[in-house]
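Q: With positions in the sequence shown counted from 1, the corresponding number in the working numbering is that position plus 3. Just so it is clear, CB atoms sit at the ideal spot from N, CA and C, and this is done for glycine as well. Pasting in a structure now, in structure tokens, and then I'll have a few things to ask.
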Amino acid sequence: MQNHLISNNLNIEVIEEENKEELFKILTNGGSKFSNIYLGYTELNFYNLIIKHIETTKDFSKMVNKIKFKRVEGNLIISERAENIEKAEDNNGRQHTKFMLSNKYDPEMKFFIYMEGNKMNGFYIEIERIN
Numbered sequence: 004m005q006n007h008l009i010s011n012n013l014n015i016e017v018i019e020e021e022n023k024e025e026l027f028k029i030l031t032n033g034g035s036k037f038s039n040i041y042l043g044y045t046e047l048n049f050y051n052l053i054i055k056h057i058e059t060t061k062d063f064s065k066m067v068n069k070i071k072f073k074r075v076e077g078n079l080i081i082s083e084r085a086e087n088i089e090k091a092e093d094n095n096g097r098q099h100t101k102f103m104l105s106n107k108y109d110p111e112m113k114f115f116i117y118m119e120g121n122k123m124n125g126f127y128i129e130i131e132r133i134n
């Protein structure tokens, strides 16, 4: 039996530990089936795994174009490969950070990263491939 599902969007609210490996495969190899994936609560380690993949993979051909994280908790660290970093804080103490991230094997391959939130309540994050 083959999977012929094709959709623009996939929303996942709860990520169970036993499903993380399969979800990672969808994010990195499911671009032909989904262009946007929206994830609910996500652990910091899973977000970091996606960032590391963006920085080090040699094949972007199947990666989804846009990933949105509804809530990532923890100390977010901006990658050393980040470029054009812009930071601001609003009147409610929410941090807004945006930057470009490139791949070490293909520096022309760029991703736009946007983070909004704080350590106490978590961060909303968008990752979008721009070329």
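(1) Rounded to a whole number of angstroms, what is the C-alpha to C-alpha distance between Tyr-127 and Leu-79?
(2) Please determine if the stretch 56 to 70 and the stretch 25 to 41 are in contact, where contact requires at least 3 C-beta pairs separated by less than 8 Å.
(3) Determine, using beta carbons only, whether Val-75 and Leu-47 come nearer to each other than 8 Å.
(4) To the nearest whole angstrom, what separates the beta carbons of Leu-42 and Lys-71, a pair I think is in contact under 8 Å?
(5) Looking at the secondary structure, which residues open and close the beta strand (DSSP E) in which Asn-144 lies?
(6) Kindly indicate which three-state DSSP category Asn-78 falls into: helix, strand or coil?
(7) Quick check on the DSSP output: the alpha helix (DSSP H) that includes Ile-57 runs from which residue to which?
(8) Based on the DSSP secondary-structure assignment, which residues constitute the bridge partners of Arg-136?
(9) For Lys-101, which residues in the same chain have their Cβ closer than 6 Å to its Cβ, ignoring the five residues on either side in sequence?
(10) To the nearest angstrom, how far is it from the Cα of Thr-45 to the Cα of His-56?
(11) Can you check which of these residues, Asn-124, Glu-86, Asn-11, is closest to Asn-106 by C-alpha distance?
A: Taking the coordinates as given:
(1) For the purposes of this step, residue 127 is taken as the residue at position 124 of the sequence shown. For the purposes of this step, residue 79 is taken as the residue at position 76 of the sequence shown. Roughly 11 Å between the two C-alpha positions.
(2) Judged by Cβ distances under 8 Å, the stretch 56 to 70 makes contact with the stretch 25 to 41, as three or more pairs qualify.
(3) For the purposes of this step, residue 75 is taken as residue 72 along the sequence shown, with counting starting at 1. For the purposes of this step, residue 47 is taken as residue 44 along the sequence shown, with counting starting at 1. Going by C-beta atoms, Val-75 is nearer than 8 Å to Leu-47.
(4) As a first step, residue 42 is located in the sequence shown; it is residue number 39 there, counting from the start. As a first step, residue 71 is located in the sequence shown; it is residue number 68 there, counting from the start. Going by Cβ atoms, the distance from Leu-42 to Lys-71 rounds to 7 Å, so yes, they are a contact pair.
(5) Any property of residue 144 remains undetermined from this structure, which presents the chain solely from 4 to 134.
(6) Your numbering for residue 78 matches position 75 in the sequence shown. Note: Asn-78 maps to coil in three-state DSSP.
(7) Within the sequence shown, numbered from 1, the residue matching residue 57 stands at position 54. Counting along the chain, the unbroken alpha helix (DSSP H) around Ile-57 starts and ends at 47 to 59.
(8) The chain is shown only over 4 to 134; residue 136 falls outside these bounds and no answer can be derived.
(9) Along the sequence shown, one-based indexing puts residue 101 at 98. Annotation for Lys-101: Glu-89, Tyr-117 place their beta carbon closer than 6 Å to its own, counting only its chain and skipping 5 residues before and after.
(10) On the sequence shown, position 42 is the one that residue 45 refers to. On the sequence shown, position 53 is the one that residue 56 refers to. Rounded to whole angstroms, Thr-45 to His-56 spans 16 Å at the Cα level.
(11) The residue you call residue 106 lines up with position 103 of the sequence shown. Its Cα nearest to that of Asn-106, the residue Glu-86 stands out among Asn-124, Glu-86, Asn-11.
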